[in-house]
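Student: Residue numbers (the working numbering): -16 to 878.
My questions will all concern the structure given below.
Quick look at the structure:
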């Protein structure tokens, strides 16, 4: 018969498990370290005195423990001490700001002074001012962004040093002369008029530096969920209570920032000064399950060692966490220089940092600053975009006050909705540390990892060797796949491993009961996009008018415009030859702009079909291919074609993506008109053949698939030509589909087949549909001399159209045929051959071609703006990046 357990029994069992686990592990650690065990005096300062009531044996927590022990006494005969209790703690400190809900725009931004708020740290001293990548140049670029917005921050000084008319308590002079116009601070008014404000000031919230700091109070034996819920409730209540006052004083709604803004101004400066580096922070406090007797830790040596054993585990994952949860430096979005994408705040390391606390030589208490290591290899010394501080912060504080465990100080603020998951992760990591003795790890081997995580953030890549080292030091199983990882993917792997091992462990059951699988967020990527929106909002996407009057295709059709409005401001250059009218685009929300509007646009995305006319482009070469533009079209200049170097020169300043080189992981094109080219080319070749076969005098009618099919059904019923198809990619397969539909057999040659000119000349129709392989030299399939003698070959349809390319496999003509004259009768000595060589075959069926092309392109475009930095984890971005790398390689080859 099994034993029946009550809920009280279960609680007791969990507590006993936690006590036993903690005691056993602590014993092992103490035994291992022996005489090296440090001793600390309890710190009970004025700031933390208010928390000591939690440890009073008469408090309700102790009474609850006594009740549990009394219940246990009815089931067992052993004696318990009524003054003993099991304690653990989870607490959060959040330094933040308020802001006006309505943001300011570029007009007022251009008038801001590069000057700190009078009471705050001068972060301008942390940046290199001059040079092409200095912040002076980058701020000048920011001034050109008509879409830029920034918030008006309300900080602690707004409350403490200004009145309702925004008068300061003192003048801005050396002596801080009192301002006679000042009446009463907002803080004093609120203390007098708001019972709520008075009741929570110095407890649930304080002013710390220039920030408003919220501090959870119910840390004693808290759970992850209760702690996060308390913080959210604190902030919501504070905002709801304070909002009416600010509405009355300034007629402005106020909110908490939804992300760390890169550029701000302050209400204290009356929107005159530009603030930078004003990031909110989160500090997490964690104390492992510990037995208290009369509010005092029973086994202080064990307590110290348990927590110091946990420190290295936290430090091993700190770089990954910074890369996943940090806020980028806004200057990293204005320059490709060394500005930190991972975390601006950690890069500067003022009061916080990574892997700086020394668990082997620990100091307890609140630690703010230490001397920056001078070794060149130290990770922060590689932050070349910044003037480095001589003193930097600590990543961790240990035992800040009596009975306190660890404070994690390396977090930028991130949304509270993600807090529970990262706390769940820390609880799992704590369980792992209790089961394992931390091995000393070589911090010098982590310098490169830390540098890359801080500099690159979400687009950092960790080598397999780096991943292996981190997992070995964490004493966790290795990756199942031998490949590099992003910080997000590796941290997710670590979290999943910990959850699989420990989700029902005793510490987890106490600190995060019924814990769900933690979801690690790639918040750094989200923050990057929010900062991008602050600068660029929705950038312009311009559908360019085509220079060729016979080109009627368009990269984006009107019905697909709606899908782009969430990401871009869509502009369409007016055009009369486009297959859709200006009105069609306007009806779908696009803005109609003049032809060549794109030339003077900035920070824009310019889409076309073919390269702009050389004359128009080169006359504006200093401006049209702007370094702030991204251009997409078919340039036909990457294979050494005639004039390619000139085209590349006109594109050189810009970021250019050729549709032809937008490839998937298998190297196959993801977007093209190839299917249409094959279909239309094959139909035209058959129509040309039958016109010649029947000696028809009438011209071939304009392309119409339904009409062509009807006519060809009749022709093929009486006679079928012999067809040779060279190339069986997308184009070739499309040709074959037409032939199959008409029941016309064909011979297919691919790159694996030997080419025999006599065999080619023995067919009625040649469909040339290859894609040149630039790595192989291929002899011409036919030359002019091969066509001088009469043969069966009647029609050549060159769908590939590599005229001007040094490896052109059909060097038999000098000019393309056209949409207006698709077939030309070529004279070769005694022989005549019908030639079709239209380099824009899909334009013969522009609406169908454009519709198909647009449907694919629109699905890719939302990932265009950040493709260079998101290519490692967003497949569409990787497609764009492959095209860009091809462009850069071609530029190098002709430079």
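Don't be surprised by glycine CBs; every beta carbon is placed ideally from N, CA and C.
Between the alpha carbons of residue 403 and residue 352, how many angstroms are there, rounded?
Tutor: Looking at the two C-alpha atoms, the distance is approximately 29 angstroms.
Student: Looking at the strands, I want to know which residues DSSP matches up with residue 110.
Tutor: DSSP, once it has assigned bridges, lists 369 as partnering residue 110.
Student: In the DSSP assignment, the alpha helix (DSSP H) including residue 143 goes from what residue to what residue?
Tutor: Its alpha helix (DSSP H) spans residues 139 to 144.
Student: Should residue 461 be labelled buried (16 or more other beta-carbon atoms within 10 Å of its own) or exposed?
Tutor: Burial call: exposed.
Student: Please go through the segment 559 to 595 and give each complete alpha helix (DSSP H) segment of 4 or more residues, from N-terminal end onward.
Tutor: Within the segment 559 to 595, the complete alpha helix (DSSP H) runs of at least 4 residues are 565 to 570.
Student: Are the segment 243 to 260 and the segment 114 to 133 in contact at 8 angstroms, needing three or more beta carbon pairs?
Tutor: The segment 243 to 260 is in contact with the segment 114 to 133.
Student: Under 8 angstroms, do residue 770 and residue 814 count as touching if we go by C-beta distance?
Tutor: Yes; because the gap between Cβ atoms is below 8 angstroms, this pair is in contact.
Student: Near residue 162, which residues of its chain fall below 8 angstroms by C-beta distance, leaving aside the five closest residues on each side in sequence?
Tutor: Correct list, in chain order: 150, 151, 152, 153 and 154.
Student: On a Cα-Cα basis, can you pick out the residue from 787, 668 and 695 that is closest to residue 619?
Tutor: Comparing Cα-Cα distances from residue 619 to each of 787, 668 and 695, the minimum goes to 787.
Student: Please classify residue 781: is it buried, with 16 or more other beta-carbons within 10 angstroms of its beta-carbon, or exposed?
Tutor: Answer is buried; the Cβ neighbour count reaches 16.
Student: Could you tell me the alpha carbon to alpha carbon distance between residue 271 and residue 138, rounded to whole angstroms?
Tutor: So the two alpha carbons sit approximately 34 angstroms from each other.
Student: Which full runs of the alpha helix (DSSP H) of 4+ residues lie inside the segment 613 to 653, going along the chain?
Tutor: Within the segment 613 to 653, the complete alpha helix (DSSP H) runs of at least 4 residues are 627 to 634.
Student: Suppose you measure from the CA of residue 514 to the CA of residue 316; what does that come to, to the nearest Å?
Tutor: Rounded to whole angstroms, residue 514 to residue 316 spans 8 angstroms at the Cα level.
Student: Would you report the Cα separation of residue 826 and residue 832, rounded to the nearest angstrom?
Tutor: Going by the C-alpha atoms only, they are around 7 angstroms apart.
Student: Can you name, in chain order, every residue of its own chain whose Cβ lies under 8 angstroms from the Cβ of residue 675, other than the five neighbours on each side?
Tutor: Counting only Cβ-Cβ distances below 8 angstroms, and skipping sequence neighbours, we find 777, 778 and 817.
Student: In terms of alpha-carbon separation, which member of 685, 384 and 677 lies closest to residue 24?
Tutor: Taking only the C-alpha atoms, the option nearest residue 24 is 384.
Student: Mind checking which residues open and close the alpha helix (DSSP H) that includes residue 320?
Tutor: Element bounds for residue 320: n/a, residue is neither H nor E.
Student: Under 6 angstroms Cβ to Cβ from residue 524, same chain only, skipping five residues before and after it: list those, please.
Tutor: Answer for residue 524: 551, 553 and 588, listed in chain order.
Student: Note down, in chain order, each residue of its chain lying with its Cβ closer than 7 angstroms to the Cβ of residue 280, except the 5 sequence neighbours on either side.
Tutor: Only 273, 286 and 386 meet the Cβ criterion.
Student: Whether or not the segment 211 to 219 and the segment 486 to 497 are in contact is what I'm after, with contact meaning three or more pairs of Cβ atoms, one per stretch, closer than 8 angstroms; do they touch?
Tutor: Touching, no.
Student: For chain D, find out if any of its Cβ atoms is closer than 8 angstroms to the Cβ of residue 97; answer yes or no.
Tutor: The structure shown contains no chain D; it is built from a single protein chain.
Student: Taking C-alpha atoms, which residue in 688, 372, 853 and 755 lies nearest to residue 509?
Tutor: Closest option to residue 509, Cα to Cα, is 853.
Student: For residue 869, collect the residues of the same chain with a Cβ closer than 8 angstroms to its Cβ; drop the 5 residues on either side in sequence, then sort them by chain order.
Tutor: Closer than 8 angstroms at Cβ, skipping near neighbours: 621, 641 and 644.
Student: Can you list, in chain order, the stretches of the beta strand (DSSP E) that have 3 or more residues and sit fully within the segment 63 to 127?
Tutor: If we require 3 residues or more, the beta strand (DSSP E) runs fully inside the segment 63 to 127 come out as 67 to 79 and 81 to 83.
Student: How many angstroms separate the CA atom of residue 518 from the CA atom of residue 128?
Tutor: Spanning the two alpha carbons is a distance of roughly 7 angstroms.
Student: Are residue 195 and residue 269 close, meaning C-beta to C-beta below 8 angstroms?
Tutor: No, the pair does not count as a contact, with Cβ atoms beyond the cut-off.
Student: How many angstroms separate the CA atom of residue 863 from the CA atom of residue 851?
Tutor: Residue 863 and residue 851: Cα-Cα distance of roughly 8 angstroms.
Student: Do the CB positions of residue 297 and residue 379 come within less than 8 angstroms of each other?
Tutor: Cβ distance < 8 angstroms, so residue 297 and residue 379 count as in contact.
Student: Can you tell me where the alpha helix (DSSP H) holding residue 294 begins and where it ends?
Tutor: Segment 283 to 308, the alpha helix (DSSP H) holding residue 294.
Student: Can you tell me where the alpha helix (DSSP H) holding residue 849 begins and where it ends?
Tutor: No alpha helix (DSSP H) holds residue 849; DSSP gives it neither H nor E.
Student: Expressed to the nearest angstrom, what Euclidean distance is found between the alpha-carbon atoms of residue 33 and residue 422?
Tutor: Residue 33 and residue 422: Cα-Cα distance of roughly 37 angstroms.
Student: Given a threshold of 16 other Cβ atoms within 10 Å of its Cβ, counted over all protein chains shown, does residue 329 qualify as buried or as exposed?
Tutor: Buried: at least 16 other Cβ atoms inside 10 Å.
Student: What residue range is occupied by the uninterrupted beta strand (DSSP E) comprising residue 353?
Tutor: First-last of the beta strand (DSSP E) with residue 353: 352 to 354.
Student: Can you tell me whether DSSP reads residue 865 as helix, strand or coil?
Tutor: Looking at residue 865 - three-state DSSP - the assignment turns out to be helix.
Student: What whole-angstrom Cβ distance do residue 338 and residue 260 have, given they're in contact under 8 angstroms?
Tutor: Wrong, their Cβ atoms sit about 22 angstroms apart, outside the cutoff.
Student: Is residue 388 helix, strand or coil when you go by DSSP?
Tutor: Residue 388 falls in the coil class under three-state DSSP.
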